[in-house]
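What follows is a single structure, written as structure tokens, with notes after it.
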Amino acid sequence: MKRRDFLRTFFSLFVKGALLSTAGYMYAKYIEPRQLTVRRYDIVHPLIPKSFDGCRILQFSDVHLGYHYSVDHFQRVVKRMNDLDPHLICFTGDLLDKPNEYEHVAAVTSLLATLHAPLGKYCIYGNHDHGGYGTNIYKDMMENAGFRLLVNEWVRVRQSNEQIVIAGLDDFMLGQPNFAKTVQQLPKETYTIALIHEPDLVTQASVYPFHLQLSGHSHGGQIQLPWIGPLVTPPLAKQYVEGFYDVQQLTLYVNRGLGTTRMPFRFLTPPELTLFTLKAGL
Numbered sequence: 001m002k003r004r005d006f007l008r009t010f011f012s013l014f015v016k017g018a019l020l021s022t023a024g025y026m027y028a029k030y031i032e033p034r035q036l037t038v039r040r041y042d043i044v045h046p047l048i049p050k051s052f053d054g055c056r057i058l059q060f061s062d063v064h065l066g067y068h069y070s071v072d073h074f075q076r077v078v079k080r081m082n083d084l085d086p087h088l089i090c091f092t093g094d095l096l097d098k099p100n101e102y103e104h105v106a107a108v109t110s111l112l113a114t115l116h117a118p119l120g121k122y123c124i125y126g127n128h129d130h131g132g133y134g135t136n137i138y139k140d141m142m143e144n145a146g147f148r149l150l151v152n153e154w155v156r157v158r159q160s161n162e163q164i165v166i167a168g169l170d171d172f173m174l175g176q177p178n179f180a181k182t183v184q185q186l187p188k189e190t191y192t193i194a195l196i197h198e199p200d201l202v203t204q205a206s207v208y209p210f211h212l213q214l215s216g217h218s219h220g221g222q223i224q225l226p227w228i229g230p231l232v233t234p235p236l237a238k239q240y241v242e243g244f245y246d247v248q249q250l251t252l253y254v255n256r257g258l259g260t261t262r263m264p265f266r267f268l269t270p271p272e273l274t275l276f277t278l279k280a281g282l
């Protein structure tokens with residue numbers, strides 16, 4: 001190859017690489033983080049009561065409201081959640097990125113209050129909810145918005161003289177989690193959904209009478225590459241990153257979350273809402 005041809009080829013590849021890098025950056029920062037997906041799944045189990053057959057449970061997670069996730073953006077997501085017409089809503093932690101620095105607490109609380117779910121709205125602490133002196137800020141926001149904050153405890157959800165249970169564990173990283181307390185006096189032979197922020201705790205959770213664990217925390221890695229997968233995941237989200245897993249008798253689902261933290265990028269991990277439909281098993 002002549003020197004002129006080599007330089008022309010090199011320059012062409014350089015320009016294409018630069019354009020691809022720029023396009024990738026713009027996509028990961030400005031496009032994919034706004035491409036909300038709704039994932040829909042049926043959950044079948046013999047302990048699901050007939051009166052809960054068809055019950056829709058909406059999970060959302062890891063909003064990280066702050067500099068990179070605005071109230072206006074969240075308002076659109078809240079509208080989408082209500083459009084899905086859930087019977088029950090579960091939030092699996094990390095509402096504000098830096099609670100003690102956040103200036104729109106009242107506006108977000110009002111938005112959360114507009115979420116409608118006739119069988120109740122339930123939530124747990126994530127590590128960011130405790131971090132930044134946020135424990136009481138988050139508690140007040142969620143309770144004022146009509147959510148039941150579950151901290152190492154469980155609650156019955158009743159319908160037509162039948163019931164399921166929603167249990168919630170305090171955050172493992174910055175809270176005071178207690179599995180034994182969480183399952184204390186848990187009714188036997190009752191379908192139980194555990195809200196646990198960090199997915200890798202499923203190994204511990206699987207020895208308790210839970211049937212479905214809903215988690216977040218991982219953000220799906222935020223950035224994934226083809227054939228490689230997530231580049232970085234946070235502590236306690238190393239083994240279980242997104243989607244379904246079966247661990248012993250327990251089914252785990254890891255939600256990719258809505259927002260971002262540390263880096264305002266998503267690539268091949270679009271934000272999600274998850275809508276589960278319960279099916280009474282035979």
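201 is the number that the UniProt record's numbering gives to position 201 of the sequence shown; each next residue is one higher, with no gaps. Glycine residues also receive a C-beta, built at the ideal position from the N, C-alpha and C atoms.
LEU58: not part of any alpha helix (DSSP H); member of the beta strand (DSSP E) spanning 56 to 60, first to last residue. When DSSP states are grouped into helix, strand and coil, TYR138 belongs to the helix group. Non-local beta-carbon contacts of LYS50 in its own chain, meaning distances under 6 Å to residues more than five positions away in sequence, involve ALA280 in chain order. For SER215, the enclosing beta strand (DSSP E) starts and ends at 212 to 215.
Here the C-alpha atom of ASP140 lies approximately 17 Å from the C-alpha atom of VAL63. Assignment of beta-bridge partners to TYR41 by DSSP yields PHE276.
Excluding sequence positions up to five before and after GLN59, its CB lies within less than 6 Å of the CB of CYS90, LEU214, ASN255, THR274, all in the same chain and listed in chain order. Linking PHE267 to ILE223 through their CA atoms gives a straight-line distance of about 5 Å. With a threshold of 16 other beta carbon atoms within 10 Å, PHE244 falls short and is exposed. As for any beta strand (DSSP E) of minimum length 3 sitting wholly inside the stretch 241 to 273, the runs are 243 to 247, 250 to 254, ordered along the chain.
Taken through DSSP and simplified to helix, strand or coil, ILE31 comes out as helix. Around GLY146, the same chain offers ALA113, LYS121 as residues with beta carbons nearer than 7 Å, after the five sequence neighbours per side are excluded.
Among the bridge pairs identified by DSSP, LEU65 is matched with LEU96. Collapsing the DSSP output to three states places GLU101 in a helix. No residue range can be given for GLN239, since it is assigned to no alpha helix (DSSP H) and is classified by DSSP as neither H nor E. In the displayed model, GLU143 falls within a helix according to three-state DSSP. Here the alpha carbons of PRO264 and ILE57 stand approximately 28 Å from one another. In the structure shown, GLY24 falls within a helical segment according to DSSP collapsed to helix, strand and coil. Looking at the backbone, the Cα of PRO46 and that of HIS104 are separated by about 44 Å. Pairing PHE74 with CYS55, the inter-Cα distance amounts to about 25 Å.
Between the alpha carbons of ALA180 and SER110 lies a distance of about 35 Å. Closest in C-alpha terms to GLN184, from the list ILE31, GLY221, VAL151, GLY175, comes VAL151. Counting other Cβ atoms within 10 Å of its Cβ, GLU272 reaches 16 or more and is therefore classed as buried. Closest option to PRO226, judged by alpha-carbon separation, among THR269, LEU195, HIS217: THR269.
Sequence-distant Cβ neighbours of LEU201 in its own chain, meaning closer than 7 Å and more than five residues away, are PHE172, LEU236.
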